[in-house]
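Asks: Position 2, counted from 1, in the sequence shown is what UniProt numbering calls 2; the numbers after and before it change by one each time, with no gaps.
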Amino acid sequence: MQVQVRYFAAAKAATGVAEEVRAIGDGHTIGALLDELGEDPRAVFARCSFILNEVSTTDRDIVLRDGDHLDVLPPFAGG
Numbered sequence: 001m002q003v004q005v006r007y008f009a010a011a012k013a014a015t016g017v018a019e020e021v022r023a024i025g026d027g028h029t030i031g032a033l034l035d036e037l038g039e040d041p042r043a044v045f046a047r048c049s050f051i052l053n054e055v056s057t058t059d060r061d062i063v064l065r066d067g068d069h070l071d072v073l074p075p076f077a078g079g
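(1) Which whole-angstrom value describes the C-beta separation of valine 3 and leucine 33, a residue pair presumed to lie in contact below a C-beta threshold of 8 Å?
(2) Taking the alpha helix (DSSP H) that arginine 42 falls in, what are its first and last residues?
(3) Along the chain, where does the alpha helix (DSSP H) containing isoleucine 30 start, and where does it finish?
(4) Would you tell me roughly how many angstroms separate the C-alpha atoms of phenylalanine 8 and alanine 18, rounded to the nearest one?
(5) Would you mind sorting threonine 58 into buried or exposed? The rule is 16 or more other CB atoms within 10 Å of its CB.
(6) Pull up the DSSP beta-bridge partners for arginine 22, would you.
So this is what it looks like as structure tokens:
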């Protein structure tokens, strides 16, 4: 199974890529996928929200499915 993942702003800087396709297993959650990326980006991911298949969420326990599209969004500031 595969998931398309896009990283924005600080999440992109932490991972070093803007977009990737990740292989996942059955029952894989958003949190598990982020944990696989290692210790360095974990501080950034702790504050992120997500858009999963065009629906906003902060729930890291959502189970991913084959073909899902996940956007990883760190907090944005501005005015």
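Just so you know, even glycine gets a beta-carbon here, dropped at the ideal spot from N, CA and C.
Here the structure is a predicted model, which means the values were calculated and not measured.
Replies: Considering the structure as presented:
(1) Their Cβ separation, rounded to whole angstroms, is 7 Å, which keeps valine 3 and leucine 33 in contact under 8 Å.
(2) Taken as a continuous stretch (DSSP letters only), the alpha helix (DSSP H) holding arginine 42 covers 42-45.
(3) 30-35
(4) Their backbone Cα atoms lie some 7 Å apart in a straight line.
(5) So threonine 58 counts as exposed.
(6) Paired residues: Val3.
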